[in-house]
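Participant:
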Amino acid sequence: MKKSIVLYLHVHQPFRVRHYTIFDTGVDHNYFYDESSLQLGNEHILRKVAEKSYLPTNEKLLELIHKHPEFKLSMSMSGTVLEQLEKWAPKVLQSFKDLAATGQVEFVAETYHHSLAFFYSRNEFEIQVQMHREKIQDIFGQTPQVFRNTELAYNNELAKWAEQSGYKAILAEGWDPVLGWRSPNFVYKPPNTDGIKLLVKNYKLSDDIAFRFGDSNWSEWPLTAEKFVHWLEGSGEATNFNLFMDYETFGEHQWSESGIFNFLHHLPQYWLNDDDHSFMSVSEAADSYEAKDELDMPYTVTWADTERDLSAWMGNSIQQNALSAMYGLEDKIISTNDLQLIEDWRKLQTSDHFYYMCTKWFNDGDIHAYFNPYDTPYEAYITFMNAWHDIQFRLVEQGIDV
Amino acid sequence: MLGWELPPHNSGGLGVACYQLCKTLAKKGADIEFVLPYSAQHDAQFMKITAAHPQGITEIIKSGIAYDSYKYVYADGTEEWMDIFSQQHAYEHAVGKLVENREFDVIHAHDWLTFRAAIRAKEKLGIPLFVHVHSVERDRAGGESGNPLVREIEYNAMMMADGIIAVSQLTKESIVHDYGIPADKISVVHNSIDVSDAEPLDGENTYHYLTAMKQHGYRVVTNVGRLTIQKGLPNLLRAAKEVVLREPKTLFLLVGAGEQYHELIELAADLGIGKNVILTGFLRGKQWRDAFATADLFVLPSISEPFGLTPLEAIGYGTPVLLSKQSGVSEVLNNALKVDFWDINEMANLITGALRSPSLCEELHANAYREYEQMSWHESAEKLLSLYASHLEGAAV
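Keeping their order, the protein sequence lines are chains L and F.
Residue numbering for the first sequence follows the numbering used here, beginning at 238 and increasing consecutively.
Residue numbering for the second sequence follows the numbering used here, beginning at 2 and increasing consecutively.
Next up, the structure:
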């Protein structure tokens with residue numbers, strides 16, 4: 238069996254809540270659109286990221302696919318980013334469709350709204366997964382076979398759900414305390430399941446590209462594709478190297494000037510130099526390799542921060558407060574059949590809103606600050622809650638007792 | 002060291018900052034003589050405190066509040082009240098006399114009131130002079146250019162000084178902007194707070210009325226500070242109006258005295274929030290401490306606050322804070338709500354958001370308290386000592 242690189246890229250943009258104040262609550266139900274703001278203008282941000290990352294990366298990927306028939310990758314695209322692309326950047330969406338049309342790109346399932354609904358409401362979670370499935374079928378003509386949850390938040394229970402829902406594989410973080418002596422470079426099986434495969438991220442190799450690539454203080458800088466392939470070849474017994482990362486790694490987190498596109502350009506060529514090497518999509522890897530062992534993950538593991546838990550989204554009391562306020566309205570919101578209201582409520586479930594409220598300033602603080610369009614986590618919370626109060630107001634207006 | 006006030010005879014943060022700074026410097030071995038323009042009892046064993054008396058004066062009595070007048074008692078028993086300029090001149094002459102035939106390594110002068118005396122001392126002693134800028138005239142004038150005589154004193158002293166110490170980056174920028182002083186002559190040495198020095202609260206809060214109202218669902222927003230243009234209180238009241246419209250059970254407690262007292266009362270009435278605004282006047286001790294403790298949120302709305310110690314005191318007494326971005330303290334405290342002083346709507350937005358969410362207030366305070374516990378004057382004192390040393394090759398400080 239060939240050794241493979243399993244490259245999986247995640248594409249997502251949230252609908253950030255504009256500077257929404259108490260003067261808007263009960264007056265203006267527009268939470269998401271303000272193009273005068275550079276930090277919170279969603280259209281502005283989408284266009285910027287498209288220019289720096291989506292367009293050049295898609296162009297490069299398409300070129301590689303044409304050049305190397307063996308080059309394959311997988312992608313997940315949240316419903317919110319797809320909506321934004323449809324609305325503001327149809328050309329960019331077309332470039333994703335062009336990738337899909339090659340047959341060498343697999344699309345992965347997730348929740349439409351990039352939410353943490355699995356941990357709050359199974360019903361809402363399943364609706365969002367279904368919405369996403371339909372969106373992917375509609376746009377790319379594919380039906381996802383493999384599931385990933387928002388933020389790669391994973392536990393045994395999720396694996397069971399995914400198997401029952403017909404997925405052949407599921408993705409998770411390959412976190413050392415969970416793996417123990419095991420290597421992330423094999424396929425595993427979740428406990429109490431019959432056939433679903435578990436692919437875990439090799440976070441060291443992934444982060445070499447996603448986080449450390451452009452860091453000139455890093456001892457391995459500069460990282461070349463040749464050196465990287467050399468590392469893979471020297472890493473002992475392995476079947477699959479799971480390189481999972483944000484799509485925006487290419488051109489946005491790592492700027493073009495860092496040489497990241499050059500790295501991507503040369504990776505297939507160096508890796509495929511050996512006839513025993515290949516690239517596989519996530520379902521190919523699931524089909525090709527036997528599970529090496531059972532991997533028990535009773536507690537939720539995510540791909541964020543040094544804790545690899547959900548604390549970046551629900552670790553403090555304002556996050557918990559905001560999340561329970563949101564999900565606390567579920568039955569009433571659904572009962573209105575007001576599609577606009579339901580959709581606004583769902584857009585407020587996107588995990589990014591809660592990430593912006595994270596107060597772990599120390600250690601992880603740097604990266605949170607980098608990704609936070611609000612001045613402080615507290616302002617993120619106040620803005621979010623002003624929108625929540627307006628949602629509540631809309632329920633009251635419809636005669637629903639809150 | 003030349004200073005204008007020390008606790009408990011202080012009108013505000015200046016005296017507290019001088020006291021804490023000297024205490025920490027003394028711990029690190031600095032031998033300090035602190036020269037004040039008045040005589041009084043101080044509890045400060047760690048340094049020598051001298052009152053600079055002009056000749057023929059037996060006693061100088063500080064009247065208590067703010068930059069106010071002083072009573073001079075002459076040897077023959079006659080008395081004279083002096084305004085702040087005459088007082089400053091008297092201090093200058095007295096300091097000039099005092100340093101004659103004495104030896105010092107450096108002169109360190111706090112704020113413009115001591116700057117003329119500082120220049121006089123430097124002329125006589127020929128040693129390095131550091132002027133410590135706790136505020137510039139534009140800060141005190143609420144963003145206007147202020148008194149030209151004061152500006153001249155500040156400018157001259159900054160030109161004459163060997164080094165300038167600013168209490169924040171904000172103040173450093175004001176100095177560069179207002180006086181055209183090269184930035185590399187100015188060192189930022191932030192004020193701080195010594196957690197162990199905070200007087201503890203006792204069991205019962207002195208504000209019985211507020212305690213009772215809180216039991217009926219009221220929430221309290223507090224400011225502690227002089228009622229003067231610099232502090233931006235009219236904006237807080239304008240924001241308060243918007244808050245009360247949405248959260249009628251909100252009380253605003255303003256602690257302090259100053260020339261805006263009447264204006265603020267009238268403004269509150271004009272805005273229709275007279276019954277939501279409580280002015281206490283100038284307070285000390287338990288009443289002062291309890292004002293921080295009773296609050297659900299402390300707001301510093303200053304137009305220009307070179308540092309601003311009161312928010313740190315609020316955090317020490319268990320209350321989260323909203324800071325004007327035009328404040329030095331916002332440079333050293335991450336876990337705070339922050340607003341531009343002119344943005345009244347945003348101020349109302351943030352205050353309302355905080356009042357509506359006890360979990361926000363808890364989170365904000367818990368994280369701020371963690372920062373507060375780490376604070377001390379240690380680093381600031383170290384910075385000053387190395388600044389002295391850089392001007393004193395080989396000499397002991």
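A virtual CB, placed ideally from N, CA and C, is assigned to each residue, including glycine.
Would the region 303-312 of chain L count as touching the region 265-275 of chain L if we require 3 or more Cβ pairs under 8 Å?
Facilitator: no
Participant: Pull out every residue of the region 616-631 of chain L whose Cβ sits closer than 9 Å to any Cβ of chain F, in chain order.
Facilitator: Flagged, chain order: GLU616, TYR618, ILE619, THR620, MET622, ASN623 and HIS626.
Participant: Helix or strand or just coil, what does DSSP make of PHE283/F?
Facilitator: Position 282 of the second sequence holds residue 283/F. Coil.
Participant: Please confirm if the region 404-414 of chain L is in contact with the region 550-562 of chain L, defined as three or more CB-CB distances below 8 Å between the two stretches.
Facilitator: no
Participant: Between ASN267/L and chain F, is the shortest Cβ-Cβ distance under 8 Å, so that the two count as touching?
Facilitator: Here residue 267/L corresponds to residue number 30 of the first sequence, with the count starting at 1. Not closer than 8 Å to any Cβ of chain F, the Cβ of ASN267/L fails to qualify, so no.
Participant: Between GLU243/F and LYS397/L, what straight-line distance do the alpha-carbon atoms span, to the nearest angstrom?
Facilitator: In the second sequence, the residue the question calls residue 243/F occupies position 242. In the first sequence, the residue the question calls residue 397/L occupies position 160. Roughly 52 Å separates the two Cα atoms.
Participant: Name the DSSP beta bridge partners of PHE253/F, please?
Facilitator: In the second sequence, residue 253/F corresponds to position 252, counting from 1. DSSP output for PHE253/F lists VAL222/F and VAL278/F as bridge partner(s).
Participant: Is the CB-CB distance between ALA382/F and THR115/F below 8 Å?
Facilitator: On the second sequence, position 381 is the one that residue 382/F refers to. On the second sequence, position 114 is the one that residue 115/F refers to. No, Cβ-Cβ distance for ALA382/F and THR115/F is not below 8 Å.
Participant: Under 8 Å between beta-carbons, which chain L residues line up against GLY4/F? List them in chain order, please.
Facilitator: Counting from one through the second sequence, the residue named residue 4/F turns up at place 3. The premise fails here: GLY4/F is roughly 35 Å from chain L at the closest Cβ pair, so nothing lies under 8 Å.
Participant: Would you mind working out which of SER561/L, LEU469/L and PHE355/L sits nearest PHE516/L, comparing C-alpha positions?
Facilitator: Start at 1 with the first residue of the first sequence, and residue 516/L comes out as number 279. Closest option to PHE516/L, Cα to Cα, is LEU469/L.
Participant: Whole angstroms is fine: what's the gap from LEU301/L's alpha carbon to PHE481/L's?
Facilitator: Here the question's residue 301/L lines up with position 64 in the first sequence. Here the question's residue 481/L lines up with position 244 in the first sequence. Roughly 18 Å separates the two Cα atoms.
Participant: Nearest to PRO312/F by alpha carbon, out of PRO235/F, GLU372/F and LYS276/F?
Facilitator: Here residue 312/F is taken as the residue at index 311 of the second sequence, counted from 1. It is GLU372/F.
Participant: For THR295/F, does the count of other Cβ atoms within 10 angstroms reach 16, so buried, or fall short, so exposed?
Facilitator: Taking the second sequence and counting its residues from 1, the one referred to as residue 295/F is at position 294. So THR295/F ends up on the buried side.
Participant: Going along the chain, which residues of its own chain have a beta-carbon closer than 7 Å to the beta-carbon of GLU323/L, five neighbours each way excluded?
Facilitator: Stepping through the first sequence from its first residue, residue 323/L is reached at position 86. Excluding sequence neighbours, GLU323/L sits near LEU330.
Participant: Are the region 383-392 of chain L and the region 521-540 of chain L touching by the rule of at least three beta carbon pairs closer than 8 Å?
Facilitator: Short answer: they touch.
Participant: Could you check where the alpha helix (DSSP H) with MET348/F kicks off and where it finishes?
Facilitator: The count along the second sequence starts at 1 and reaches residue 348/F at position 347. Per DSSP, MET348/F belongs to the alpha helix (DSSP H) from 345-357.
Participant: For ASP601/L, decide whether its Cβ has a neighbour in chain F, counting only Cβ atoms nearer than 8 Å.
Facilitator: Taking the first sequence and counting its residues from 1, one reaches residue 601/L at position 364. Reliability fails at ASP601/L, whose pLDDT of 48 lies under 50, so the model's placement of it is uncertain and the value that follows must be treated cautiously. So, not an interface residue.
Participant: Look up GLN491/L in the DSSP assignment and give the residues it is bridged to.
Facilitator: Here residue 491/L corresponds to residue number 254 of the first sequence, with the count starting at 1. Partner(s): PHE487/L.
Participant: For chain L, is any of its Cβ atoms less than 8 Å away from the one on ARG1/F?
Facilitator: Because chain F here runs from 2 to 398, residue 1/F falls outside it and cannot be looked at.
Participant: Cα separation between GLY275/F and MET368/L?
Facilitator: Here residue 275/F refers to the residue found at position 274 of the second sequence. Here residue 368/L refers to the residue found at position 131 of the first sequence. When rounded, the distance between both Cα atoms is 54 Å.
Participant: Hey, how far is the Cα of ILE194/F from the Cα of GLY319/F?
Facilitator: Here residue 194/F corresponds to residue number 193 of the second sequence, with the count starting at 1. Here residue 319/F corresponds to residue number 318 of the second sequence, with the count starting at 1. Taking the straight line joining both Cα atoms gives about 15 Å.
Participant: Got a sec: which bits of the region 541-559 of chain L sit with their beta carbon under 7 Å from any beta carbon on chain F, in order along the chain?
Facilitator: ASN553, SER554, ILE555 and ASN558
Participant: State the start and end residues of the unbroken beta strand (DSSP E) segment that holds ALA409/L.
Facilitator: As a first step, residue 409/L must be located in the first sequence, where it is residue number 172. Run containing ALA409/L: 406-410, per the beta strand (DSSP E) assignment.
Participant: Compare the beta carbon distance of LEU585/L and ALA624/L with 8 Å and say whether it is the shorter of the two.
Facilitator: The sequence position of residue 585/L within the first sequence is 348, counting from 1. The sequence position of residue 624/L within the first sequence is 387, counting from 1. By the CB criterion at 8 Å, LEU585/L and ALA624/L fall inside the cutoff.
Participant: Any idea if LYS464/L is buried or exposed, counting beta-carbon neighbours within 10 angstroms, 16 or more meaning buried?
Facilitator: The residue labelled residue 464/L in the question sits at position 227 within the first sequence. By the neighbour-count rule (16 or more Cβ atoms within 10 Å), LYS464/L is not buried but exposed.
Participant: Going residue by residue through the region 519-558 of chain L, where are the continuous alpha helix (DSSP H) segments of at least 4 residues, counting only ones entirely within it?
Facilitator: 519-525 and 548-551
Participant: Which residues, in order along the region 306-340 of chain F, keep a beta-carbon less than 8 Å from a beta-carbon of chain L?
Facilitator: Flagged, chain order: ASN335, ASN336, ALA337, LEU338 and LYS339.
Participant: Considering only C-alpha positions, which residue in the set ASP344/F, ARG357/F and LEU301/F is nearest to VAL330/F?
Facilitator: Stepping through the second sequence from its first residue, residue 330/F is reached at position 329. Closest option to VAL330/F, Cα to Cα, is LEU301/F.
Participant: Under the rule that 16 or more other beta-carbon atoms within 10 Å means buried, what is LEU310/F, buried or exposed?
Facilitator: Along the second sequence, read from residue 1 onward, the residue named residue 310/F stands at position 309. That one is buried.
Participant: Have a look at VAL137/F and TYR593/L and give me their C-alpha separation to the nearest angstrom.
Facilitator: Within the second sequence, numbered from 1, the residue matching residue 137/F stands at position 136. Within the first sequence, numbered from 1, the residue matching residue 593/L stands at position 356. Cα-Cα distance, rounded: 37 Å.
Participant: Checking contacts by CB at 8 Å: is SER360/F closer than that to chain L?
Facilitator: Taking the first residue of the second sequence as 1, we reach residue 360/F at position 359. Closer than 8 Å: yes.
Participant: Would you verify that the beta carbon of ASN102/F is, or is not, closer than 8 Å to some beta carbon of chain L?
Facilitator: Residue numbering aside, residue 102/F sits at position 101 when the second sequence is read from its first letter. So no, ASN102/F is outside the interface.
Participant: Among LYS29/F, VAL322/F, ILE279/F and SER188/F, which has the Cα closest to the Cα of ALA355/F?
Facilitator: Numbered from 1 along the second sequence, position 354 holds the residue referred to as residue 355/F. When only C-alpha atoms are compared, the closest one is VAL322/F.
Participant: With a threshold of 8 Å between beta-carbons, can GLY354/F be considered close to chain C, or not?
Facilitator: In the structure shown, chain C cannot be found, because the protein chains are L and F.
Participant: Would you call the CB atoms of GLU567/L and SER358/L closer than 8 Å?
Facilitator: Position 330 of the first sequence, counting from 1, holds the residue named residue 567/L. Position 121 of the first sequence, counting from 1, holds the residue named residue 358/L. A contact, by the Cβ cut-off of 8 Å.
Participant: Compare the C-alpha of ASN350/F against each of GLY565/L, ASP483/L and TYR615/L and name the closest.
Facilitator: For the purposes of this step, residue 350/F is taken as residue 349 along the second sequence, with counting starting at 1. The shortest C-alpha separation from ASN350/F is found at TYR615/L.
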